[in-house]
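Quick notes on the structure that follows.
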Amino acid sequence: MNHQTNEPPMSQRAHRLAHVAQTRAALAAIESGTLTEHERADLLRMREEEKVARDVYLQLYDRWGIRPFGNISGSEQAHMDMILLLLERYGLPDPAQGLAIGRFNDPALQSLHDDLLARGRQSQAEAVRVGLLVEELDIFDLRVAASRTGKPEILAVYADLERGSRNHLRAFHRWMRQLGTSYTPTHLSAGDFDTIARAAHESCH
Ligand SMILES: [Fe+2]
Numbered sequence: 001m002n003h004q005t006n007e008p009p010m011s012q013r014a015h016r017l018a019h020v021a022q023t024r025a026a027l028a029a030i031e032s033g034t035l036t037e038h039e040r041a042d043l044l045r046m047r048e049e050e051k052v053a054r055d056v057y058l059q060l061y062d063r064w065g066i067r068p069f070g071n072i073s074g075s076e077q078a079h080m081d082m083i084l085l086l087l088e089r090y091g092l093p094d095p096a097q098g099l100a101i102g103r104f105n106d107p108a109l110q111s112l113h114d115d116l117l118a119r120g121r122q123s124q125a126e127a128v129r130v131g132l133l134v135e136e137l138d139i140f141d142l143r144v145a146a147s148r149t150g151k152p153e154i155l156a157v158y159a160d161l162e163r164g165s166r167n168h169l170r171a172f173h174r175w176m177r178q179l180g181t182s183y184t185p186t187h188l189s190a191g192d193f194d195t196i197a198r199a200a201h202e203s204c205h
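According to this note's numbering, the sequence shown is numbered sequentially starting from 1.
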């Protein structure tokens with residue numbers, strides 16, 4: 001597979017790299033403390049859940065050549081990097097280490113990936129629904145994970161990732177409207193989903 005064609009503009013890449021570097025520096029400056037069982041499980045899951053997003057989007061970009069999948073997959077890579085920084089900070093093994101695109105350690109995430117990819121390959125309308133599903137699931141799971149930690153450095157990363165996911169959801173929602181198709185949320189409430197979909201783009205800083 002050749003993913004060179006979906007490289008984002010240099011400024012966007014530079015911005016993402018700077019953001020990851022900032023988070024690394026911030027984490028180095030704090031006491032790492034001990035994780036609860038929930039915090040640990042949530043970090044391990046979020047690392048692979050962001051990989052589901054990245055890998056599904058990379059493969060759907062190869063299938064359809066539609067720009068949002070290319071751009072957003074780069075952002076999902078940055079999300080994976082941010083969670084990895086937290087795993088490293090707390091001395092946890094990386095569940096995604098050495099795994100190729102489309103391969104997962106967690107069997108539930110493997111089957112989620114396989115199911116979403118098969119659906120997204122059927123048509124462009126299905127592909128955009130897969131994007132919306134990935135983003136609303138990500139937002140839902142990030143909110144649950146955030147509710148189970150009081151650690152500011154973890155909450156800061158989750159908040160960053162959730163903001164990114166809200167922007168991704170809006171990008172897919174715009175594309176959905178262009179295709180003249182529709183989507184019914186299954187993880188967020190219809191009200192929450194609509195509020196996010198209708199809001200303006202949120203910038204990083
Ligand atoms: Fe996303």
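Note that beta-carbon positions come from the ideal geometry of N, C-alpha and C, so glycine has one too. Being a predicted model, the structure only gives us computed values, none of them experimental.
Next on the checklist: Between which residues of its own chain and H3 is the CB-CB distance below 7 Å, once the five residues before and five after are set aside?
Outcome noted: For the purposes of this step, residue 3 is taken as residue 3 along the sequence shown, with counting starting at 1. Note that H3 scores a pLDDT of 45, beneath 50, so its modelled location is shaky and nothing firm can be said.
Checklist entry - Are the beta-carbon atoms of E48 and A78 separated by less than 8 Å? => result Residue numbering aside, residue 48 sits at position 48 when the sequence shown is read from its first letter. Residue numbering aside, residue 78 sits at position 78 when the sequence shown is read from its first letter. Here E48 is not near A78, since their CB atoms are 8 Å or more apart.
Next on the checklist: So for Y158, helix, strand or coil by DSSP?
Outcome noted: By one-based count along the sequence shown, residue 158 stands at place 158. Residue state for Y158 is assigned as helix, using DSSP reduced to three classes.
Checklist entry - In three-state terms, what does DSSP make of F104? => result Here the question's residue 104 lines up with position 104 in the sequence shown. DSSP, reduced to helix, strand and coil, places F104 outside both helices and strands of the structure shown, so it counts as coil.
Checklist entry - Can you tell which of E31, P68 and Y158 has its C-alpha closest to the C-alpha of G91? => result Against the sequence shown, residue 91 aligns to sequence position 91. Distances from the CA of G91 to each of E31, P68 and Y158 were compared; the closest alpha carbon is that of E31.
Checklist entry - Should H201 be labelled buried (16 or more other beta-carbon atoms within 10 Å of its own) or exposed? => result In the sequence shown, counting from the first residue as 1, residue 201 sits at position 201. Classification of H201: exposed, given that the 10 Å Cβ count is below 16.
Checklist entry - Would the beta-carbon of G120 fall within 8 Å of that of L60? => result Indexing the sequence shown from 1 puts residue 120 at position 120. Indexing the sequence shown from 1 puts residue 60 at position 60. For G120 and L60, yes; Cβs fall inside 8 Å.
Item to check | Unbroken alpha helix (DSSP H) run spanning T149, endpoints | outcome: The sequence position of residue 149 within the sequence shown is 149, counting from 1. Taken as a continuous stretch (DSSP letters only), T149 belongs to no alpha helix (DSSP H), as it is neither H nor E.
Item to check | Check: G164 C-beta below 7 Å from any heavy atom of ligand 1 | outcome: Mapped onto the sequence shown, residue 164 falls at position 164. Yes, since a heavy atom of ligand 1 falls inside the 7 Å radius drawn around the Cβ of G164.
Next on the checklist: Residues in the same chain with beta-carbon distance under 8 Å from E50, minus the five sequence neighbours each way, listed in chain order, please.
Outcome noted: Taking the sequence shown and counting its residues from 1, one reaches residue 50 at position 50. Cβ neighbours of E50 beyond the five flanking positions: E76, H79, M80, I83, D138 and L161.
Item to check | Whole-angstrom distance between L179 and P68, CA atom to CA atom | outcome: Working through the sequence shown from its first residue, we reach residue 68 at position 68. Working through the sequence shown from its first residue, we reach residue 179 at position 179. Approximately 14 Å between the Cα atoms of the pair.
Next on the checklist: Is any non-hydrogen atom of ligand 1 found closer than 7 Å to the C-beta of A53, if you look at the structure I gave you?
Outcome noted: Looking up residue 53 in the sequence shown gives position 53. Between ligand 1 and the CB of A53, the shortest heavy atom gap is smaller than 7 Å.
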